[in-house]
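In what follows, a structure is listed as structure tokens, so that the remarks can point back to it.
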Amino acid sequence: MMYILRRIILLITTILLVSIITFGVFQILPGDPVRTMLGTEADPTQIENLRSELGLDRPLYEQYVDWMKGLLTGQLGNSIRFSMPVKELLFDRLPVTMSLAGLTLIIVLIISLPLGMFAARRQNKLSDVSLSTVTQIGMAVPSFWLGMMLILYIGLQFSFFKISGYIPWTQSVAGALSTLILPALTIAIPQIAVNFRYVRTAILEQVQLDYVRTIRSKGMSEQNVMYKHVLKNSMIPILTVFGLIMAEVVAGTIIVEQVFSLPGIGQLLITAISNRDFPLVQGIVMYITVAVVMINFIVDVLYSVLDPRIRLR
Amino acid sequence: MKQLQRYTKKINLIIGLLVIVGFLLVMIVSFFYTPHDVNAMNIPEKLRGPGGAYMFGTDEFGRDIFSRIMKGTQTAFAVGLLTVAIGTVFGILIGGIAGYVGGWVDEIFMRTMDALMAFPGIILALMLVAVFGPGITNTAIALGIIAIPAIARIARSGFVQQRDSEYVLAAKLIGVKPYSIMFRHILPNISSQIIVAATVTFATAMLAEAALSYLGLGVQPPNPSWGRMLKDSQAYLIGAPWYTYAPGGAITILVLGLYMLSNALRDFMDPRSKS
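Which chain is which? The protein sequence lines are S and B, in order.
Straight run, no breaks: the first sequence in the numbering used here ends on number 313.
Straight run, no breaks: the second sequence in the numbering used here ends on number 588.
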């Protein structure tokens, strides 16, 4: 219980600090933000109106408290460019990004787990070494270029795939898949490379422990040693990495949505930055970051449930 | 099979060094000489395939892709070096003070670093670029800020480890100033970990710069940037696929070289850790 309590306090401090950074960064903008948003030719009444609408005429701490209140109640103010509530804009785009991230995670898991197990069992053999080399290349390729290569070699070769735009699941499952598989693969490949290495190391660490030697000497088949004992125990470190990978996947959607013109949150963020629509940028950054922090919190709590030793630290 | 392992270590070091020295030479040459003018447009020659006068072909304005790749090394190294400089200087300062002083200073500094690390890297980069605006220097400052927490953590754990060792105690007793103890005595002892971290930072900075430039928020034209070239090449993917290979290949090879070098450095400098 103490562990979870400590974790919750840490979670709250992290979110508070993240909010202060997100809020504070926009205070160091050179010049007058309202003028930057409206351009130099804006007339004074317009400037005054926008300033009081954004609450910029009040003290900084009041602005921050207001913004935090909005954050907690989900009212993040209005986007300047779209003149719509930030919340609505986000919710419109959320299904695209969520489906992309979800599909990516599934792909990462179903490929990296067996691959890591395979490499661990053949440690230092040629297949293991070559897999490690290939995954290192996978980590070095920029994801957006990988996406372009997938478009060129898969998307344009098979008529099933759509290389831009999005079809909602509710309209057609095949349609949604045809728009999402390639972007999901694009984000997944570097993450598979990372996760593969962790799975491999986690299993190798288990294999050298005494209990494995004992069950082996009792005559248990290699299959059972692997699946019933080693894999179960190595899941614990793998779960932690999983939290990190979730964060990378969420971040990956931002760029890859641009490559495949998917109307998700990433595309919204880029549009917001190009239009200097700062309330929208702040809102998106805050929500994505809080989502990632929450995921890591949940992973940590799960971790302590699975491995009671953690709670004693 | 131990041999195969030792062999891969050496291969990592050799290939990593070759790649980086190769790109460095290209960068130095590009200051004095490129086969064609980097920015000279030549519309009749646009989107030529590789070969002949244009080794890697030409882009949509008839500019020589090879020359632009050469010039692009300047951008890549400028952003990479500046990012590493900002990240290591501030990382060592923050982590060093936190680790050496300890107490509430440590708590405040490191919680702030944790908060910075809670942001997904690209999100923080985009937010900072939104505030600072685009350009080589601003991109590097944004990426440098992002690099600080990881290096600060490494520096902190190093300083905490060394803080109570005998040579530090001895230095304190003969009245060496805290500043000298931190940077003249402790820092050299933990420099190998920091060098490894800096190499990785260099690689991730190049990838991040390419990503930001691809999104149109990093390096601005007419400065040639590999990420920007990739963005421009996407429109001609079907008709001129070679356009995308050159910048994509350049980024991948250089980043791969840096990763290999950092792996090799880790193995050689810190024999205890296993890759």
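C-beta atoms are modelled at their ideal positions from N, C-alpha and C, and glycine is treated no differently.
Whether residue i touches residue j by CB criterion (8 Å)
i, j, result
"V230 (chain S)", "V207 (chain S)", "yes"
"A455 (chain B)", "A428 (chain B)", "no"
"V481 (chain B)", "Q475 (chain B)", "yes"
"P560 (chain B)", "L574 (chain B)", "no"
"V568 (chain B)", "L520 (chain B)", "yes"
"V259 (chain S)", "A431 (chain B)", "no"
"R51 (chain S)", "D300 (chain S)", "no"
"A202 (chain S)", "G138 (chain S)", "no"
"V537 (chain B)", "G385 (chain B)", "Note on residue identity: the sequence assigns Pro, not Val, to residue 537 (chain B). Yes, they are a contact pair."
"M340 (chain B)", "F390 (chain B)", "yes"
"T517 (chain B)", "V397 (chain B)", "no"
"I407 (chain B)", "M383 (chain B)", "no"
"Y413 (chain B)", "F496 (chain B)", "no"
"T104 (chain S)", "V290 (chain S)", "no"
"T253 (chain S)", "L113 (chain S)", "no"
"R376 (chain B)", "G370 (chain B)", "no"
"Q46 (chain S)", "G55 (chain S)", "no"
"I255 (chain S)", "A524 (chain B)", "yes"
"I464 (chain B)", "I405 (chain B)", "yes"
"T388 (chain B)", "V532 (chain B)", "yes"
"V332 (chain B)", "I566 (chain B)", "yes"
Residues that residue i contacts on chain B, provided the C-beta gap is smaller than 8 Å
i, result
"F26 (chain S)", "V444"
"A251 (chain S)", "P433, G434, I435 and I436"
"V18 (chain S)", "A428, A431 and F432"
"T22 (chain S)", "M440"
"T289 (chain S)", "A431, F432, P433 and I436"
"Q258 (chain S)", "Y527 and L528"
CB contact check: residue i to chain B, cutoff 8 Å
i, result
"T13 (chain S)", "yes"
"A247 (chain S)", "yes"
"I270 (chain S)", "yes"
"V292 (chain S)", "yes"
"Q223 (chain S)", "no"
"T104 (chain S)", "no"
"V281 (chain S)", "yes"
"V86 (chain S)", "no"
"V129 (chain S)", "yes"
"V285 (chain S)", "yes"
"I255 (chain S)", "yes"
Opposing strand residues paired with residue i [DSSP bridges]
i, result
"T371 (chain B)", "B:D377"
"G364 (chain B)", "B:Y367"
Proximity test, Cβ basis, 8 Å: residue i and chain S
i, result
"A518 (chain B)", "no"
"P554 (chain B)", "yes"
"G385 (chain B)", "no"
"G561 (chain B)", "yes"
"Q547 (chain B)", "yes"
"L394 (chain B)", "no"
"L578 (chain B)", "no"
"L331 (chain B)", "no"
"I551 (chain B)", "yes"
"T281 (chain B)", "The requested residue 281 (chain B) does not occur in the structure, where chain B is confined to residues 314 to 588."
"T321 (chain B)", "yes"
"Y367 (chain B)", "no"
Proximal chain B residues relative to residue i, where beta-carbon distance stays under 9 Å
i, result
"Q206 (chain S)", "Those do not exist, as Q206 (chain S) stays about 15 Å from chain B at its closest Cβ, beyond 9 Å."
Interface partners of residue i on chain S, CB under 8 Å
i, result
"L530 (chain B)", "I270, I273 and S274"
"Y572 (chain B)", "Q136, M139 and A140"
Chain S contact residues for residue i, given Cβ-Cβ distances below 9 Å
i, result
"L569 (chain B)", "Q136, I137, M139, A140 and V141"
"T557 (chain B)", "W145, M148, M149 and L152"
"I327 (chain B)", "Result: empty, since nearest Cβ-Cβ is about 14 Å, beyond 9 Å."
"I564 (chain B)", "A140, V141, P142 and W145"
Within chain D, partners of residue i - CB distance below 7 Å
i, result
"M542 (chain B)", "The displayed structure is made up of protein chains S and B, and chain D is not among them."
Where residue i meets chain S, residues with beta-carbon distance less than 7 Å
i, result
"L337 (chain B)", "In chain order: nothing, as chain S lies at least about 18 Å away."
"Y492 (chain B)", "Those do not exist, as Y492 (chain B) stays about 28 Å from chain S at its closest Cβ, beyond 7 Å."
Output, in sequence order along the chain, the residues in the region 141-169 of chain S whose CB is closer than 8 Å to any CB in chain B. V141, P142, S143, F144, W145, M148, M149, I151, L152 and L156
Give me the subset of the region 410-428 of chain B whose CB atoms are less than 8 Å from a CB atom of chain S, sorted by chain position. R424, T425, D427 and A428
Could you run through the region 503-528 of chain B and flag, in chain order, every residue whose CB is less than 7 Å away from some CB of chain S? L520, A523, A524, Y527 and L528
The region 445-458 of chain B: which residues have C-beta closer than 7 Å to a C-beta of chain S, in chain order? none
For the region 184-198 of chain S, which residues have a CB atom closer than 7 Å to at least one CB atom of chain B, in sequence order? none
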